[in-house]
Amino acid sequence: MSDGSTAPLIDYRGNCHCGAFKFTFKAPALKQAYACNCSFCSKNGYLWAFPATSEDFVVVKGDEDSTLKTYEFGKHTMAHKFCPTCGTSVMARKHSGPGVGINIRALVDVDTATLEVITSDGAATEPPYQIPEPLAAGPVAEGTTVYTGSCHCGAVGYNVQSPEPITVAAACNCSICHRDAAMWIYVKTTAVSFKGLDSLVEYTFGLKRTYHGFCGTCGVAINERFPTADREWRTALNIRTMNGVDLAAIDLELHDGKAKLPVYQV
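With numbering that gives the first Met the number 0 as the guide, the letters of the sequence shown map in order to residues 0 to 265.
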């Protein structure tokens with residue numbers, strides 16, 4: 000997709016987290032990112048960039064159709080592609096005419112905090128998204144708030160009983176959380192119930208102290224599991240997947256996971 004610019008083209012490179020899929024593309028220097036508020040883009044926290052032309056997008060490792068998995072919804076005009084191993088949402092391609100969108104979060108050495116974000120109202124143009132049937136909660140203690148959520152396709156769902164309303168979440172800049180645009184809350188594992196765990200794919204790396212869970216059908220990041228004895232009492236949930244939560248009203252605490260060792264390499 001070309002924006003008609005005559006500015007010099009910059010070479011950008013990116014990859015899914017596990018490195019099974021790597022690519023390059025050319026575009027004018029990225030100063031803006033495009034976000035969409037549709038049901039899928041908001042769950043993924045996409046920040047879009049567009050190569051100067053479709054030919055300026057080049058796969059250097061893997062294959063767009065076999066290495067990546069495709070998910071479609073609504074009118075099925077666009078194929079969203081994610082890595083089925085690590086869950087990184089990499090790109091999307093229109094079915095008709097030219098048009099490749101790249102998730103900026105998958106790029107190497109691009110500081111997304113410096114980009115001006117321009118939001119489009121995709122929620123108004125897609126067919127109305129039908130929220131998957133929520134997982135019913137069992138007995139609820141007085142004063143407890145029950146939140147429900149799911150991936151986009153509804154294969155994986157959950158509910159969580161919270162002693163107080165959710166107003167704060169954590170945003171981590173580590174190599175995987177940044178790619179997932181996750182907004183984490185940490186709750187007691189005993190307060191969460193899941194359905195569809197056979198559709199949940201887990202991915203771990205580094206010290207293998209955290210298992211990142213995403214839907215194997217639509218690729219949406221849902222939770223983090225901590226298997227070590229000192230941390231298994233808690234579970235992290237990505238509130239981007241929660242029903243009825245106003246993300247704009249959530250206070251974000253920034254965690255510098257990028258500074259922790261070992262250094263991410265792919």
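For each residue, glycine too, the CB sits at the ideal point set by N, CA and C. Bear in mind the structure is a predicted one, so any value in this text is a computation, not a measurement.
With a cutoff of 8 angstroms on beta-carbon distance, threonine 144 and valine 191 are scored as not near each other.
Secondary structure note for serine 119: its beta strand (DSSP E) is the uninterrupted segment 115-119.
Per the coordinates, the alpha-carbon of threonine 87 lies some 33 angstroms from the alpha-carbon of glycine 137. Rounded to the nearest angstrom, the Cβ distance from alanine 51 to isoleucine 103 is 15 angstroms, too far for a contact under 8 angstroms. Assignment of cysteine 176 by DSSP, reduced to helix, strand and coil, places it in the helix class. For the beta strand (DSSP E) assignment, the uninterrupted runs of no fewer than 3 residues enclosed by the segment 79-165 are, from N- to C-terminal side, 88-93, 99-102, 115-119, 144-149 and 156-161. For the 8 angstroms CB-CB criterion, glycine 73 and lysine 21 do not form a contact.
For cysteine 171, there is no enclosing alpha helix (DSSP H); the enclosing beta strand (DSSP E) covers residues 167-171. Within its own chain, the residues whose Cβ lies closer than 6 angstroms to the Cβ of threonine 69, once the five positions on either side in sequence are excluded, are Ala78 and Lys80, listed in chain order.
Spatial neighbours of histidine 254 in its own chain (CB-CB distance under 6 angstroms, excluding positions within 5 residues in sequence) are listed in chain order as Ala169 and Cys171.
Three or more Cβ pairs drawn from the segment 150-159 and the segment 191-207 lie within less than 8 angstroms of each other, which places the two stretches in contact. Closest option to valine 116, judged by alpha-carbon separation, among Ser65, Tyr11, Cys15 and Asn36: Asn36. The distance from the Cβ of leucine 106 to that of tyrosine 185 is about 28 angstroms, inconsistent with a contact at the 8 angstroms cut-off.
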